[in-house]
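Chains as they are written, first to last, in our numbering: chain R, -19 to 116; chain L, 2 to 225. All residues carry an ideal CB built from backbone N, CA and C; glycine is no exception. Notes for the one structure printed next.
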Amino acid sequence: MDVYTNVFSCIIMDISLYQYGIAVIAAYIVIRRSIMFFRRIQNQSFLKFFSFVTIWGGIAIFALWPSLAREITHALGMGENLNTIIFITFIILFTLVFRLLTLIERLESDITSIIRKDALSTLLPTKLRKGTQDEK
Amino acid sequence: MKKRVFVVIPAYNEETVIGSVIHALEKQGYKNIIVVDDGSLDATYTISSKTGIIVLHHLLNRGKGAAIRTGVEAAHILDADVVVTFDGDGQHDPADISILLQKINAGYDVVLGSRFLKKQQKIPILKRVYNIIANVTTYVLFGITVTDSQSGIRAYGKKAFFALDSCHDRYEFDTEVLREIRRLHLKAIEVPVHVRYTAYSQNKYDKQTFTSGIWTFIRMFLAA
C-alpha cells in the first residue's frame, strides 16, 4: 500500500501540467496514427506509422520522465556533453528545414512552369479577332 | 504607330462577375482580352469562353502572380506592345485603363494604378490598414515609396514584360514587381484609379486573409 501511495504521489508531485499536456497530445497523435494505419487509410505506409510512433512516443516518454534523457547520455558515455548534442541536433534540423524549403520552392516553380506550358499550348493566334485593338 | 494593347485578367472562382467584367471591358473598346482561369472550381472558364475572348486554363490553382505571368507570356506571344492587368472581381473601372495607357505613351515602362491617390473613395478601414503595412514593408525591403503596393490594375510596356519573370506565384507578386522596377531601373509612375468594393468582392472566401497575409509578409522578407 505504501509503495503504491509513494509511486502515485511521486507521479502527481513531480510532473508539471505542461508535461501532462505534451504527453496527452503525443498519445493522441500516436493513437490517431495507429488507427489510420490499421484501418489501411490511403498513404499510411509502415515507415510513416513507425516514424510517428517513435517520434511522438519518444516525446511522451521524455516529457513524463525528463531525467531519462540524462541517464541515457550517461549510459552512452556522453556525460555532460548533452548540450553540445542538442546544439548540433538543432543545426542539423535547421539545415534540413532550409533544404526542404528550397526543394519545395523549386518543385512549386516546376509545377507552375508545367501548368503554364499546358495553358499556353491551347493558345491559337486565330483566336484573335481581326484587326488590332489599339488604344482608344 | 498605334500600340497593341492586351488586358490580362487573372481569375479564380469568379463565375458571378467575370462575364460582366469582360463585357464592361469590351464596351470600352478593348477586344484583346486574356482571361487566365487559375484552376477555378466553378464555371469561370465556361462563362469566359462563351464571350469569345482568349481564355487560358491553369489545371491547378497557382496564385495570382502565376496567372498574370501566364497572361503576360500569352500577350507577348501575340505581339502585344502593352499589357494591362485587371482584377477579375469587378473592383476596377475599365475607364481607368485609358489613363494608364496615356502614361505608357508618355514613355513610362510601368504604370501603377493607385486606389489611395483618388480622394473620397469608400475603402474599408481594414483594407487601408493592410495597405499601410504592405507599403511600409515595401519601403523597408526595397526602398520604394508607393501609395498602393497591392493594386491589381497596372500597365506594362514591352520593356517591363520580362521584369515579371523573377516574381513568385502568389500574392507577394504585386510587391515583387516593385522590387524588379527598382532593380531594372524601369520608369514607373502611380496614377489614381477608381475602386468599387462590393459585397461580393468583400465576402470572397479565397481572398487574402489575415493568416495568408502573414505568410505573404514572411515570403516577401525571404524574397527581399
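* Does L:T71 get closer than 8 Å to chain R when you measure Cβ to Cβ? -> So yes, L:T71 belongs to the interface.
* Asked: Per DSSP, L:I55 is paired with what?
  -> Bridge partners of L:I55: L:I35.
* Asked: How would you list, in chain order, the residues of chain R whose beta-carbon sits under 7 Å from the beta-carbon of L:H59?
  -> In chain order: I95, A99.
* Partner residues on chain L for R:L103, Cβ-Cβ distance less than 8 Å -> The contacting residues are I55, L57, A75, I78, L79.
* To do: Name, please, each residue of chain L whose Cβ falls closer than 8 Å to the Cβ of R:E88.
  => Going along chain L in sequence order, the residues near R:E88 (Cβ under 8 Å) are D170.
* Asked: Where do the ends of the beta strand (DSSP E) carrying L:E191 lie?
  -> Segment 189 to 193, the beta strand (DSSP E) holding L:E191.
* Close beta carbons around L:P193, own chain, < 7 Å, minus the five adjacent residues each side -> Taken in chain order, the residues that qualify are S115, L118, K119.
* Could you give the distance in angstroms between the alpha-carbon of L:V9 and the alpha-carbon of L:L101? -> Approximately 14 Å, taken between the alpha carbons.
* **Beta-carbon neighbours of L:R63, restricted to chain R and to distances below 9 Å** => In chain order: E88, I91, T92, I95, R96.
* Separation of R:G38 from L:R197, as counted between CA atoms -> Here the alpha carbons of R:G38 and L:R197 stand approximately 55 Å from one another.
* How about L:T86 and L:R155: are their beta carbons less than 8 Å apart? -> Less than 8 Å separates the beta-carbon of L:T86 from that of L:R155.
* Contact list for L:A67 against chain R, beta-carbon separation under 8 Å -> Within chain R, the residues whose beta carbon sits less than 8 Å from that of L:A67 are T92, I95, R96, listed in sequence order.
* Asked: Are L:S49 and L:I23 close, meaning C-beta to C-beta below 8 Å?
  -> Less than 8 Å divides the Cβ of L:S49 from the Cβ of L:I23.
* What do you get for L:R1, buried or exposed, if any count of 16 or more other CB atoms within 10 angstroms of its CB means buried? -> With chain L covering only 2 through 225, there is no way to say anything about residue 1 of chain L.
* Using a C-beta cutoff of 8 Å, does R:T106 count as contacting chain L? -> Its pLDDT being 48, under 50, R:T106 is placed unreliably in this model, and the value from its coordinates should be taken loosely. Interface residue (Cβ-Cβ distance to chain L less than 8 Å): R:T106 is not classified as such.
* State buried or exposed for R:D90, treating a residue as buried only when at least 16 other CB atoms are found within 10 Å of its CB. => It counts as exposed.
* Asked: Just to check, is the beta-carbon of L:G72 closer than 7 Å to a non-hydrogen atom of the ligand NAP?
  -> This structure simply doesn't include the ligand NAP, nor any ligand for that matter.
* To do: Tell me, please, whether the region 157 to 166 of chain L touches the region 134 to 142 of chain L by the rule of three or more beta-carbon pairs shorter than 8 Å.
  => In short, these stretches do not touch, since the Cβ pair count stays below three.
* What residue range is occupied by the uninterrupted beta strand (DSSP E) comprising L:V9? -> Membership of L:V9 in the beta strand (DSSP E) is indicated by the continuous run 6 to 12.
* Asked: Do the CB positions of L:I35 and L:A76 come within less than 8 Å of each other?
  -> In terms of Cβ geometry, L:I35 and L:A76 form a close pair [threshold 8 Å].
* **Coil, strand or helix - R:A3 by DSSP** => Reduced to three states, the DSSP call for R:A3 is helix.
* Cβ of L:T45 within 8 Å of any chain C Cβ -> Although the question refers to chain C, the structure presented lacks it and instead comprises the protein chains R and L.
* In three-state terms, what does DSSP make of R:L81? -> Correct three-state label for R:L81: helix.
* Asked: So is R:T75 buried or exposed if we call it buried at 16+ other beta carbons inside 10 Å?
  -> By the neighbour-count criterion, in which a residue is buried when 16 or more other Cβ atoms sit within 10 angstroms of its Cβ, R:T75 is exposed.
* When you compare each of R:L100, R:A7, R:S(-4), R:I71 to R:I35 by their alpha carbons, which one comes out closest? -> Among R:L100, R:A7, R:S(-4), R:I71, the Cα nearest to that of R:I35 belongs to R:A7.
* Counting only runs that start and end within the region 45 to 118 of chain L, where is the beta strand (DSSP E) found for 3 or more residues in a row? -> Within the region 45 to 118 of chain L, the complete beta strand (DSSP E) segments of 3 residues or longer fall at 55 to 59, 83 to 86, 111 to 115, listed in chain order.
* Report the residue from L:E15, L:N106, L:A189 whose alpha carbon sits nearest the alpha carbon of L:L113. => It is L:A189 whose Cα lies nearest to the Cα of L:L113.
* Asked: Excluding five sequence neighbours on each side, which residues of the same chain lie with their C-beta closer than 8 Å to the C-beta of R:M58?
  -> I65, listed in sequence order.
* Asked: Count the other CB atoms within 10 Å of the CB of R:R19; is the residue buried (16 or more) or exposed (fewer)?
  -> Around the beta-carbon of R:R19, fewer than 16 other beta-carbon atoms lie within 10 Å, marking it exposed.
* **Rounded straight-line distance, which links the Cα of R:T92 to that of L:G53** => So the alpha carbons of these two residues sit roughly 26 Å apart.
* Candidates L:F143, L:R63, L:Y31, L:Y109, of which the one nearest L:N14 by Cα -> Checked all of L:F143, L:R63, L:Y31, L:Y109; the closest Cα to L:N14 is L:R63.
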